[in-house]
Amino acid sequence: MTTGQKLNQIYERLLARFGPQHWWPGESPFEVMVGAILTQNTNWGNVEKAIANLRHADVLTAERLHALPRDRLAELIRPAGYFNIKAARLAGYLDWLCGRYGGDLSRVERRGTSALREEFLAIKGIGPETADSILLYAFNRPVFVVDAYTARVAGRHGLIEPPFDYPQLQDLFQSSLAQDAPLFNEYHALLVRVGKEHCRPTPRCKGCPLEGLPHRV
DNA sequence: GACCAGGCACATC
DNA sequence: GATGTGCATGGT
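Under my numbering, the first residue of the first sequence is numbered 1156, with each subsequent residue one higher.
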């Protein structure tokens, strides 16, 4: 079986079990970008609390968030954890968005995918996963998002030989699947789902939709 | 009371 | 280039 066939088989099993995940759970591209920074190494439920705080404070626009004092911003996003670090990262992102694009995401939208990725990676606090999450979930670009769950599932099921890094894992998916943003969107969300419920640091393989597929000890 | 969560930058070797 | 560490809240 080719890698592409294996990846499609896994996708079909996950989708059959869990159904569409309706990612990203954000209301606008701007919210997706803010959420992508806030969710770094953090449970999404905590991020929702932080975003709710921003919404209730009526500062969920580029201009208002950019104008907010750093300590006030940190206070509002406190539930998301690492709040001082993340306040600085959001500020850096907003400096870029407001400084280079006047806070206008429709202008950002016009940029090509690889140029945009480079711009994101140049912002302190935006690494590969956050950049790719924004490209896929805010801008619908066919970029596969790699995260800890992706690495765990791919490693355990022998899709890739360790040691492997982010670009290698991303290339595995991008070169073996159709270059399709809705597919990448759903696939990543499904990997997160199976990672939360079964493919955990200490595995819970009983009842896993991937049970019976090749697996490492 | 551990363990875990949709990373990243920086220090040190 | 590889490895280690700080950052922090909140749910299980």
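Backbone N, C-alpha and C define an ideal beta-carbon position, used for all residues, glycine too.
Distance CB(residue i)-CB(residue j) smaller than 7 Å
{"i": "residue 1168", "j": "residue 1364", "result": "yes"}
{"i": "residue 1234", "j": "residue 1191", "result": "no"}
{"i": "residue 1284", "j": "residue 1259", "result": "no"}
{"i": "residue 1308", "j": "residue 1287", "result": "no"}
{"i": "residue 1180", "j": "residue 1293", "result": "no"}
Extent of the continuous alpha helix (DSSP H) run through residue i
{"i": "residue 1199", "result": "1199-1211"}
{"i": "residue 1233", "result": "Looking at the DSSP string, residue 1233 is not in any alpha helix (DSSP H), and its letter there is neither H nor E."}
{"i": "residue 1221", "result": "1217-1222"}
{"i": "residue 1187", "result": "1184-1193"}
{"i": "residue 1270", "result": "1268-1276"}
Rounded straight-line distance, which links the Cα of residue j to that of residue i
{"i": "residue 1367", "j": "residue 1306", "result": "19 Å"}
{"i": "residue 1357", "j": "residue 1311", "result": "12 Å"}
{"i": "residue 1282", "j": "residue 1273", "result": "10 Å"}
{"i": "residue 1338", "j": "residue 1344", "result": "10 Å"}
{"i": "residue 1242", "j": "residue 1221", "result": "11 Å"}
{"i": "residue 1348", "j": "residue 1318", "result": "24 Å"}
{"i": "residue 1207", "j": "residue 1372", "result": "42 Å"}
{"i": "residue 1198", "j": "residue 1236", "result": "9 Å"}
{"i": "residue 1250", "j": "residue 1291", "result": "22 Å"}
{"i": "residue 1278", "j": "residue 1247", "result": "7 Å"}
{"i": "residue 1296", "j": "residue 1229", "result": "30 Å"}
{"i": "residue 1373", "j": "residue 1217", "result": "Examination of residue 1373 is not possible in this model, given that the chain is present from 1156 through 1372 alone."}
{"i": "residue 1178", "j": "residue 1289", "result": "12 Å"}
{"i": "residue 1329", "j": "residue 1261", "result": "26 Å"}
{"i": "residue 1203", "j": "residue 1334", "result": "30 Å"}
{"i": "residue 1324", "j": "residue 1159", "result": "13 Å"}
Secondary structure of residue i, DSSP reduced to three states
{"i": "residue 1253", "result": "helix"}
{"i": "residue 1157", "result": "coil"}
{"i": "residue 1131", "result": "Since the first residue shown for the chain is 1156 and the last is 1372, residue 1131 is missing from the structure and cannot be characterised."}
{"i": "residue 1262", "result": "helix"}
{"i": "residue 1335", "result": "coil"}
{"i": "residue 1350", "result": "helix"}
{"i": "residue 1239", "result": "helix"}
{"i": "residue 1312", "result": "coil"}
{"i": "residue 1294", "result": "coil"}
{"i": "residue 1357", "result": "coil"}
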